[in-house]
Structure formats: structure tokens, C-alpha cells
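Below is one structure; the comments refer to it alone.
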């Protein structure tokens with residue numbers, strides 16, 4: 001079965017609002033969690049990541065929240081801009097060392113309307 | 001910086017044909033990956049390799065072969081192309097050590113078309 005799940009395939013947010021993207025995972029051994037951003041006809045690129053020793057990481061307008069007991073992590077984008085419109089893929093995996101072997105969610109399309 | 005180059009960008013083949021996709025990276029990364037991207041299904045790992053001549057199966061390895069000929073290159077072969085295999089194939093690499101070790105760097109993708 002799918003190890004990483006994004007239950008909402010799409011989200012529309014007004015410019016300036018907060019975008020919240022959610023991800024659930026199944027494997028207790030996962031301790032690295034990431035969000036990738038993908039524009040149409042482009043490859044995914046890493047947006048932000050967090051390890052399991054913290055439950056929150058901020059980077060500018062982006063914050064990742066990690067809830068290990070609930071096997072859930074989320075991405076919050078504050079002051080959303082039209083250029084944030086893209087597909088967001090969550091990913092999770094075990095500690096590095098023998099190949100990152102990330103499992104990806106199906107992706108969620110975020111549309112930020114002006 | 002570095003770059004991952006996938007060739008060809010489009011690969012058209014007939015049903016039953018053996019087809020090969022190639023990937024080169026100049027990051028000097030240890031690990032390379034092949035993912036398959038289907039609409040509505042996200043990315044699924046086919047094969048990965050942690051060093052030259054190493055090969056590890058992912059979740060979707062059946063019907064595929066791979067080869068890590070040297071550190072910088074990783075090829076993927078569809079052993080018998082089927083129409084339900086039409087998808088975008090993404091190559092990636094990672095350094096696997098240090099603070100950004102888990103970060104995957106992706107190529108631009110190769111689209112497989114089976115006629």
C-alpha cells in the first residue's frame with residue numbers, strides 16, 4: 001500500500017492567505033520528512049525538510065509541522081502568492097546512509113488566486 | 001552546482017520492445033534513483049543504486065532492469081514495453097551524507113510513449 005498519503009488532491013487559496021498542505025505516513029521508521037514543489041513540465045525541487053528530532057521548522061514563509069505520534073506532517077505557507085501555485089509533493093523516508101529511498105505522496109495542486 | 005541529464009526526453013517504442021533510458025549526473029553523488037511518475041499516482045521508486053555496480057529494487061521494479069555503469073550514470077531498461085507503462089520517468093541523485101544528504105536532485109524527465 002501507499003506509505004505516504006496526501007488526502008486532498010487540490011487546494012485554492014486567496015492571495016495573502018495561509019495555505020495548509022497535509023501528509024500522513026505509515027512507517028514508524030521514517031524520520032526524515034520533506035516537501036517538494038513541482039511546476040508544470042518541470043521536475044520536483046526540494047522546498048523544505050525536517051528530521052524527527054524537531055516538531056517544527058520555519059524558513060521564511062514556510063513552516064513544516066511534524067506530529068510523530070500521529071504520523072502526520074504539514075506545510076504551512078503564509079502570505080500565499082500567485083507564484084506559489086504549483087503541485088506540492090510530500091515525501092518521507094528513513095535516515096540517510098544507504099540511499100534516501102524516499103516515499104512520495106500523490107501530490108496536491110495549490111492554486112493561489114489574485 | 002551540478003546537473004542531471006536524462007536522454008532521450010521522449011522515447012517512442014512499440015509494444016513488446018526493449019527500451020532504455022539514460023541518466024548522467026555531475027554532482028559526484030553516491031546514490032542515483034529512477035522514479036516513475038503517473039498522473040494521479042505521484043512518484044514511485046523503480047530502482048536505486050548506492051554506488052557503482054550496485055542495484056537495489058524499489059517498489060515497482062518488475063518489468064524493469066537497471067544498470068549503474070559508473071558513478072555518474074544510471075540507466076533504466078523497460079524489458080517489454082506495454083501501453084500501460086506510458087509515463088514520465090524521473091532520474092534523481094543524492095549525496096547521502098551530511099546535512100542535506102537526503103535531498104533528491106531530479107532530472108527533467110523522460111516521457112515514454114508506447115504505440
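Chains as they are written, first to last, in this note's numbering: chain A, 1 to 114; chain B, 1 to 115.
Each residue gets a CB set at the ideal place from its N, CA and C atoms; glycine is no exception.
Check                                                                                                 : Outcome
Residue 76/A, enclosing beta strand (DSSP E) - first and last residue                                 : 72-77
Buried or exposed (CB count within 10 angstroms, at least 16 for buried), residue 32/A                : buried
Per-residue DSSP class, three states only, for residue 59/A                                           : strand
Check whether residue 47/B and residue 67/B have beta carbons under 7 Å apart                         : no
Residue 108/B - DSSP class collapsed to helix/strand/coil                                             : coil
Beta-carbon proximity of residue 4/A to residue 25/A, cut-off 7 Å                                     : yes
Rounded C-alpha distance that separates residue 13/B from residue 62/A                                : 43 Å
heavy atom of the ligand SAM below 6 Å from residue 10/B C-beta                                       : Of the ligands one can find in the structure shown there are none, so the ligand SAM has no counterpart to examine.
Local Cβ density within 10 Å of residue 39/A, reported as buried at 16 or more and exposed below that : exposed
Residue 62/B (DSSP reduced to helix, strand or coil)                                                  : coil
Range of the contiguous beta strand (DSSP E) that encloses residue 89/A                               : 86-93
Contact with chain B by residue 106/A, beta-carbon distance below 7 Å                                 : yes
Closest by C-alpha distance to residue 103/A, when choosing among 12/A, 17/A, 29/A and 11/A           : 29/A
Residue 66/A at chain B interface by Cβ criterion, 7 Å                                                : no
Contact set between residue 107/B and chain A, taken where Cβ atoms lie within less than 8 Å          : 43
Residue nearest to residue 102/B in terms of C-alpha spacing, selected from 8/A, 49/A, 22/A and 85/A  : 49/A
Test: residue 46/A CB closer than 7 Å to a CB of chain B                                              : yes
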